Amino acid sequence: MKKLPLLLISLLLIISCKENTSEKKIKPTRDPNSFAIVIHGGAGGIKKEYFTEAQQVAYTQKLQEALDAGYTILENGGISLDAIQAAINIMEDSPLFNAGKGAVYNSEGNQEMDAAIMDGNTLNAGAIAGVNHIKNPILAARMVMDSSKHVLLSGKGAEIIAAKYGIEMVDSSYFFTEKRMNQLKKLQGKEKTELDHSAFLIKNELIDDHKYGTVGAVAIDKSGNIAAGTSTGGMTNKKYGRIGDVPIIGAGTYANNLTCGISATGTGEYFIRTVAAHEVSSLIKFNHFSPAEALHEVLFNQIGPLGGEGGMILLDKNGDVYWDFNSSGMFRGFKKSSGETKVEMFEK
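Position 143, counted from 1, in the sequence shown is what numbering that gives the first Met the number 0 calls 142; the numbers after and before it change by one each time, with no gaps.
So, in structure tokens, the structure goes:
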């Protein structure tokens, strides 16, 4: 009789081991030497009826150009940090996006740009905030990460060090666009700000007025290393010295090889208050949420109830791409070594 309970226990242990082995077998893993990149160009009131055909074509082509720039680096064996930097450079050089050339004006009539970059392999990160003479802020963020002991530098100090390391500096006139100036004049004298260009649309201009600012990219290279980066001009008519979520590591930008890489866009104050990007990573790591579940939880159950709006892109350790947003649209796209590629603007 004593042998029967022992036999049952042995059978249960065998079954349990088989189940665990089965679970491990079906657990998704990254294909060796695979790679991918995902980007965004801002979220907000992006609805098809707000856009002319010319606008749709312009945004689609520029997003594809950014994707191709990063993808080419990955395809040739380059690292994820270089890939996201290349993709973000393309968007920073375009007046279509609220970053670099297209950065909006603060209440003083100047640009104050922020950017951040993070290495998911080492957890090294670099960020700059409140700069107005650096042509490509993401390059300065990379410089802070690679060439200093700091994580975040701001204002004049950031510009002095950037110039010292050969980062291209430009006169403030480089960032002038009539559309951005008109936005500022509309809001000056009012206690109101706009996230990029969210209030009005002037037809027949390529720059739209219904999206929140910020551009970002996340990539995984052939070695499986993840990197994330984000760049923004902030909010039109923002107070002098205001800093949003982008350069706050864990809020608007985060990368960790154990989980994922994330870049966010939207009402930055709410992404800071919820430490949004890191929260998504933690939900995946500690609560065993799927990436899709984690994004939805943070955007709809944490940021949304506070009054925040925006979106996030995510690339996980297996090379799978995810995105979500609680606004009506988000400029977004991805390209993978498997041949899958997509560029989208409007609702999910």
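For each residue, glycine too, the CB sits at the ideal point set by N, CA and C. The structure presented is a predicted model; accordingly, all values stated were derived computationally and were not measured.
{"Asked": "Euclidean distance between Cα positions of Lys-335 and Val-217", "Found": "12 Å"}
{"Asked": "Secondary structure of Arg-29, DSSP reduced to three states", "Found": "coil"}
{"Asked": "For Phe-285, the nearest candidate out of Tyr-173, Leu-305 and Leu-257 (CA to CA)", "Found": "Leu-257"}
{"Asked": "C-alpha gap between Asp-323 and Gly-223, whole angstroms", "Found": "23 Å"}
{"Asked": "Distance between beta carbons of Ser-153 and Ile-127, contact taken as under 8 Å", "Found": "7 Å"}
{"Asked": "Cβ-Cβ distance between Leu-66 and Ile-36 below 8 Å", "Found": "yes"}
{"Asked": "In DSSP terms, what Leu-80 is bridged to", "Found": "According to DSSP, Leu-80 bridges with nothing at all."}
{"Asked": "Residue from Ala-53, Ser-171, Ile-248 and Gly-328 with nearest C-alpha to His-149", "Found": "Ile-248"}
{"Asked": "Per-residue burial, Val-274 [other beta carbons within 10 Å of its own, 16 or more giving buried]", "Found": "buried"}
{"Asked": "For Cys-259 and Asp-315, believed in contact at Cβ under 8 Å, the rounded distance", "Found": "4 Å"}
{"Asked": "Entirely enclosed alpha helix (DSSP H) segments - the stretch 41-94, minimum 4 residues", "Found": "52-74 and 79-91"}
{"Asked": "Which listed residue (Gln-60, Ala-42 and Glu-74) has its alpha carbon closest to that of Gly-338", "Found": "Glu-74"}
{"Asked": "Meets three-Cβ-pair contact criterion under 8 Å: the stretch 160-177 and the stretch 138-145", "Found": "yes"}
{"Asked": "Residue of His-295, Gly-265, His-39 and Ala-57 minimising C-alpha distance to Val-279", "Found": "His-295"}
{"Asked": "8 Å Cβ cutoff met for Met-344 and His-39", "Found": "no"}
{"Asked": "Check whether Asn-97 and Thr-213 have beta carbons under 8 Å apart", "Found": "yes"}
{"Asked": "CB of Val-245 within 8 Å of CB of Ala-114, strictly", "Found": "yes"}
{"Asked": "DSSP-derived helix/strand/coil call for Gly-240", "Found": "coil"}
{"Asked": "Bridge partners - Met-117, DSSP secondary structure assignment", "Found": "Ala-124 and Ala-227"}
{"Asked": "The beta strand (DSSP E) enclosing Asp-145, as first and last residue numbers", "Found": "Where Asp-145 is concerned, there is no enclosing beta strand (DSSP E), although the alpha helix (DSSP H) it sits in stretches over 136-146."}
{"Asked": "Collapsed DSSP secondary structure at His-39 in the structure displayed", "Found": "strand"}
{"Asked": "Residue interval of the beta strand (DSSP E) (run including Glu-343)", "Found": "340-343"}
{"Asked": "Buried versus exposed call for Asn-255 [16 or more other C-beta atoms within 10 Å across all chains shown]", "Found": "buried"}
{"Asked": "Bounding residues of the alpha helix (DSSP H) (the contiguous stretch that carries Ala-293)", "Found": "290-295"}
{"Asked": "Minimum length 4: unbroken alpha helix (DSSP H) runs contained in the stretch 244-327", "Found": "267-272, 275-285 and 290-295"}
{"Asked": "Identified DSSP bridge partners for Val-130", "Found": "Met-112"}
{"Asked": "Distance between beta carbons of Met-144 and Asn-123, contact taken as under 8 Å", "Found": "5 Å"}
{"Asked": "Residue burial classification, Lys-341 (beta-carbon count within 10 angstroms, cutoff 16)", "Found": "exposed"}
{"Asked": "One or two residues paired with Val-217 in a DSSP bridge", "Found": "Val-37 and Ala-227"}
{"Asked": "Host alpha helix (DSSP H) of Glu-158 (start-end)", "Found": "154-163"}
{"Asked": "Straight-line Cα distance separating Glu-111 from Ile-133", "Found": "10 Å"}
{"Asked": "Distance between Ser-171 and His-287 (C-alpha atoms, nearest Å)", "Found": "47 Å"}
{"Asked": "Residues that DSSP places opposite Lys-100 in a beta bridge", "Found": "DSSP lists no partner for Lys-100."}
{"Asked": "Residues near Gly-307 in its chain [Cβ-Cβ closer than 6 Å; skip 5 each side]", "Found": "Thr-266 and Tyr-269"}
{"Asked": "Alpha-carbon spacing of Glu-292 relative to Pro-304, whole angstroms", "Found": "17 Å"}
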